[in-house]
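Just below is one structure, and these are the notes that go with it.
2 protein chains.
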Amino acid sequence: MIWAGDKMDFVAPVVVGVATLSQTMEDGRTQMVGLLLPSDFIGRPGREIAPYNVNAVSDVTVCCFRKRPFESLLVSTPHVGQRLLEMALDELDAAREWMLLLGRKTAREKIASLIAIIARRDQELKAALPDGQMSVELPLTREAMADYLGLTLETVSRQVSALKKDGVIQLEGKRKVLIPDMDVLLEETGDDTDGGPLI
Amino acid sequence: MIWAGDKMDFVAPVVVGVATLSQTMEDGRTQMVGLLLPSDFIGRPGREIAPYNVNAVSDVTVCCFRKRPFESLLVSTPHVGQRLLEMALDELDAAREWMLLLGRKTAREKIASLIAIIARRDQELKAALPDGQMSVELPLTREAMADYLGLTLETVSRQVSALKKDGVIQLEGKRKVLIPDMDVLLEETGDDTDGGPLI
DNA sequence: CGTTTTCTTGAGATGTGTCAATCCTCGTGG
DNA sequence: CCACGAGGATTGACACATCTCAAGAAAACG
Chain A
1 MIWAGDKMDF
11 VAPVVVGVAT
21 LSQTMEDGRT
31 QMVGLLLPSD
41 FIGRPGREIA
51 PYNVNAVSDV
61 TVCCFRKRPF
71 ESLLVSTPHV
81 GQRLLEMALD
91 ELDAAREWML
101 LLGRKTAREK
111 IASLIAIIAR
121 RDQELKAALP
131 DGQMSVELPL
141 TREAMADYLG
151 LTLETVSRQV
161 SALKKDGVIQ
171 LEGKRKVLIP
181 DMDVLLEETG
191 DDTDGGPLI
Chain B
1 MIWAGDKMDF
11 VAPVVVGVAT
21 LSQTMEDGRT
31 QMVGLLLPSD
41 FIGRPGREIA
51 PYNVNAVSDV
61 TVCCFRKRPF
71 ESLLVSTPHV
81 GQRLLEMALD
91 ELDAAREWML
101 LLGRKTAREK
111 IASLIAIIAR
121 RDQELKAALP
131 DGQMSVELPL
141 TREAMADYLG
151 LTLETVSRQV
161 SALKKDGVIQ
171 LEGKRKVLIP
181 DMDVLLEETG
191 DDTDGGPLI
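Heads up: the protein sequence lines correspond to chains A and B, in order. Start counting the first sequence at 1; every next residue gets the next number (my numbering). Start counting the second sequence at 1; every next residue gets the next number (my numbering).
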């Protein structure tokens, strides 16, 4: 959708679909740095040049605002600014969680964490299956998962297979994952298990 | 200064000194997720519980505001909110740069990047030495550097030695680094070298 | 000084990356 | 309907970067 370095004279919240933010080094190594879901913003006030690549994962609908009018909207309607601040701080927290994952987790923990993150997000939409099982659709290819997690796609594939072999997950086709016991999966993420949700 | 899980009923910009934000896993692995410099905020509106550990690197002076009054200030003074939004978005960009470093850079590139980041920050304060050289004071121990970079302190030590042996940097004591040629250091970071500053 | 912290260096283990071959799964066109 | 091809996924063998464990050296500090 957008290449790093492009001129951006608009901001645009995602309305439908999923897009990714990523950075690429000269030799091709790429790291995903953000996942844009509906209501997330592409672009930001006070910046002319896009610093990251934006890729559509699925078909995406966005809602473009020219930047200049949007910036004056910010000034005239404080409520909008407050909402944006909330969102930015939430994204910052997500980024920090992600930094722990990238810097300190093992490949297996990374995969388990990713599945848990997606599962948690889906959980908010549709209820879990009756018996504590959960089924999630991975919206990403193995390569995209690798770029998200700071791994190679081969390692992703191996660890997914390993988790399957150990009974932590089951596969239905390539992209669908069945989680027999969420607690077992959470054990594998390396995160605190007791931690209640932070307010 | 603060442990993750603590109740926080205030927000506090740093006035003097340097502090770090970090997360720790049950088995002790820790990852630094933020560096708080003067003007950066500890705590955020709309959150009761501290999600991260805050550690003072040097003596730190902060300026505490009770959260409730501060939140009403946000509502009544839009300008403050806009400034906070700017800062949050800048931090988000920094976090994303950091994610690329954690996920995709080699140990040597990580070290070079860290030194370059600190050098750039210092550069804004005091001018460079005449002949293109630069001298920077590392405010961090090897262990803190390791937690910042997602490495072990042994690897940090080895890579610092390697950069010294290769003439990229020189050491004056343990904590002071002399950079004979900034461009050579930037080569080692793996970043785009041609990139002008993004606006 | 002695003690403690911080840093350096080595040897070996190990997790992840690299390179390469093969296998699915689908969609396309003969 | 089937062969074919392309993109994605899996698996294996091996290389290598980083971690782990351990011993010392150097600096900081009372």
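Here a beta-carbon is modelled for each residue, glycine too, at the ideal position from N, C-alpha and C. Since this is a predicted model, take the numbers as computed values, not measurements.
Which of the three DSSP states is assigned to Gln31 (chain B) in this structure? strand
Amino acids of chain B, ordered along the chain, whose beta-carbon sits closer than 9 Å to that of Glu26 (chain A): Gly190, Asp191, Asp192 and Thr193
Residues of its chain near Glu71 (chain A), where Cβ-Cβ distance is below 6 Å and the 5 sequence neighbours each way are ignored: Pro45
So what does DSSP say about Glu187 (chain B), is it helix, strand or coil? helix
Status (buried if at least 16 other CB within 10 Å, exposed otherwise) for Thr189 (chain B): It is buried - the Cβ of Thr189 (chain B) has at least 16 other Cβ atoms within 10 Å.
Can you tell me which of the three DSSP states Leu85 (chain A) falls into? helix
Span of the beta strand (DSSP E) around Phe170 (chain A): In the sequence on display, residue 170 (chain A) carries Gln and not Phe. Unbroken beta strand (DSSP E) run through Gln170 (chain A): Gln170 to Glu172.
When you check each C-beta in the stretch 64-79 of chain A against every C-beta of chain B, which residues fall closer than 8 Å? Those would be Leu74, Val75 and Pro78, in chain order.
Name the chain A residues whose beta carbon is nearer than 8 Å to that of Ala88 (chain B)? Leu85, Ala88, Leu89 and Leu92
I need the boundaries of the beta strand (DSSP E) containing Gln23 (chain B), first residue and last residue. Ala19 to Thr24
Counting contacts by CB-CB distance shorter than 8 Å, is Val33 (chain A) in contact with chain B? yes
Going by alpha carbons, who is nearest to Pro202 (chain A) out of A:Glu109, A:Asp40 and A:Asp59? Outside the shown range of chain A, which is 1 to 199, sits residue 202 (chain A), and nothing can be said about it.
Return the CA-CA distance between Thr106 (chain A) and Asp191 (chain A), expressed in angstroms with no decimal places. Rounded to whole angstroms, the gap between the alpha carbons of Thr106 (chain A) and Asp191 (chain A) is 12 Å.
When you compare only the Cα positions, how much space is there between Tyr52 (chain B) and Trp3 (chain B)? 7 Å
DSSP three-state label for Arg66 (chain A), please. strand
Count the other CB atoms, across all protein chains shown, that sit within 10 Å of the CB of Ser39 (chain A); report buried if there are 16 or more and exposed otherwise. By the 10 Å Cβ count, Ser39 (chain A) comes out exposed.
With H, G and I counted as helix, E and B as strand and the rest as coil, what does DSSP make of Ala95 (chain B)? helix
Going by DSSP in three states, Ser157 (chain A) sits in which element: helix, strand or coil? helix
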